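Reminder that position 139 of the sequence shown reads as 148 in the numbering used here, one-by-one numbering, no gaps.
Virtual Cβ for every residue (Gly too), placed ideally from N, Cα, C.
In this text, all values refer to a predicted model and were calculated from it rather than measured experimentally.
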Amino acid sequence: MATCGSFNAEFRSICNNAFYFDDTGESIDVDEDSFRMSRQCSQHLIQSKDNKFLLFNEKGQFRACDRSISQQSECKFTVQMYQDSALEQKKGRAVILYIRKKDNTILVCCNEKNEICPVKMELPQEINESQHKAVFYLTKLSASNVCTFESSLCRGQFLGFEHDEDNPSLKKLALCPRYPDEVDDTSEIIMN
Numbered sequence: 010m011a012t013c014g015s016f017n018a019e020f021r022s023i024c025n026n027a028f029y030f031d032d033t034g035e036s037i038d039v040d041e042d043s044f045r046m047s048r049q050c051s052q053h054l055i056q057s058k059d060n061k062f063l064l065f066n067e068k069g070q071f072r073a074c075d076r077s078i079s080q081q082s083e084c085k086f087t088v089q090m091y092q093d094s095a096l097e098q099k100k101g102r103a104v105i106l107y108i109r110k111k112d113n114t115i116l117v118c119c120n121e122k123n124e125i126c127p128v129k130m131e132l133p134q135e136i137n138e139s140q141h142k143a144v145f146y147l148t149k150l151s152a153s154n155v156c157t158f159e160s161s162l163c164r165g166q167f168l169g170f171e172h173d174e175d176n177p178s179l180k181k182l183a184l185c186p187r188y189p190d191e192v193d194d195t196s197e198i199i200m201n
């Protein structure tokens, strides 16, 4: 729970419609918002609406491209669920999206420029922050297998696909704004 100027107080009385407390002088421990790894995880193929499959390529980039059925096995990402201790209601389930390559765990993360980048790191068991570069809120939409991933770090920004300027046949994973009054499926992702 976020705090601002918290102290340990003891109730004394009510007088003239006001509540009176005494500061006990004792320090208190306040639980901060955090994420804790759940036992739940699942593997999925991640697709754009135009059926391109997300993969982690040999250049160390997340890209979406066409894949034959035999090539799809290299496109499996793991969705690791996390328990969120925040009291405020958030839309979706806290998750980290990652892939394993050559004994490395590569997480889908946001950077300070609001871009998506791969980060090699172990999955955290616990995150003692209310926001994290690798935590997204997964929300399933009414259509089957279609969902959104909202960044916990960059609220209002969602994982989506945009054209790669260097190679128009590819799409890259990006953070995209999503506005409630606009029809825009760039941030809608298919998980199979």
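Please check the pair residue i and residue j, which I expect to be a contact at CB under 8 Å, by giving their CB distance rounded to whole angstroms.
i: N176; j: Q56; result: Between Q56 and N176 the Cβ distance is about 18 Å, and since that is not below 8 Å, they are no contact.
i: L6; j: I108; result: Residue numbering for the chain in the displayed model covers 10 to 201; residue 6 lies beyond these limits and cannot be assessed.
i: K181; j: F71; result: 7 Å
i: F145; j: E135; result: Contact flag wrong, Cβ pair sits at about 17 Å.
i: C50; j: Q89; result: 5 Å
Which residue wins for smallest C-alpha separation from residue i, given the options the options?
i: A183; options: Q80, V117, Y91, E131; result: V117
i: I199; options: C84, N25, F20, F30; result: C84
i: I78; options: N60, V128, E138, E174; result: N60
i: D93; options: F20, L147, S43; result: S43
i: C126; options: G101, K142, G165; result: K142
i: S80; options: L64, C50, C185, P186; result: According to the sequence as given, residue 80 is Gln; it is not Ser. That would be L64, whose Cα lies nearest to the Cα of Q80.
i: G69; options: N113, K149, V155; result: N113
i: L147; options: E174, C185, K100; result: K100
i: Q166; options: E174, E191, P186; result: P186
Looking at the secondary structure, which residues open and close the beta strand (DSSP E) in which residue i lies?
i: V117; result: 113 to 119
i: R102; result: 102 to 110
i: M46; result: 44 to 56
i: P186; result: 180 to 186
i: I23; result: 18 to 24
i: T148; result: 144 to 149
i: G169; result: 166 to 172
i: R72; result: 71 to 74
i: E67; result: Where E67 is concerned, there is no enclosing beta strand (DSSP E), given that its DSSP letter is neither H nor E.
i: C156; result: 155 to 160
Please state whether the Cβ-Cβ distance between residue i and residue j is less than 8 Å.
i: L179; j: S196; result: no
i: S47; j: Y91; result: yes
Out of curiosity, what's the CA-to-CA distance linking residue i and residue j?
i: Y188; j: T157; result: 13 Å
i: S161; j: E124; result: 13 Å
i: E121; j: S82; result: 32 Å
i: C74; j: T87; result: 19 Å
i: N66; j: R45; result: 30 Å
i: K129; j: I115; result: 5 Å
i: T33; j: K111; result: 56 Å
i: N26; j: F20; result: 14 Å
i: S139; j: R164; result: 12 Å
i: R102; j: S22; result: 42 Å
i: K149; j: H172; result: 24 Å
i: K58; j: D194; result: 7 Å
i: F30; j: A18; result: 6 Å
i: A95; j: H53; result: 27 Å
i: F28; j: N137; result: 33 Å
i: V155; j: F170; result: 14 Å
i: S151; j: E174; result: 32 Å
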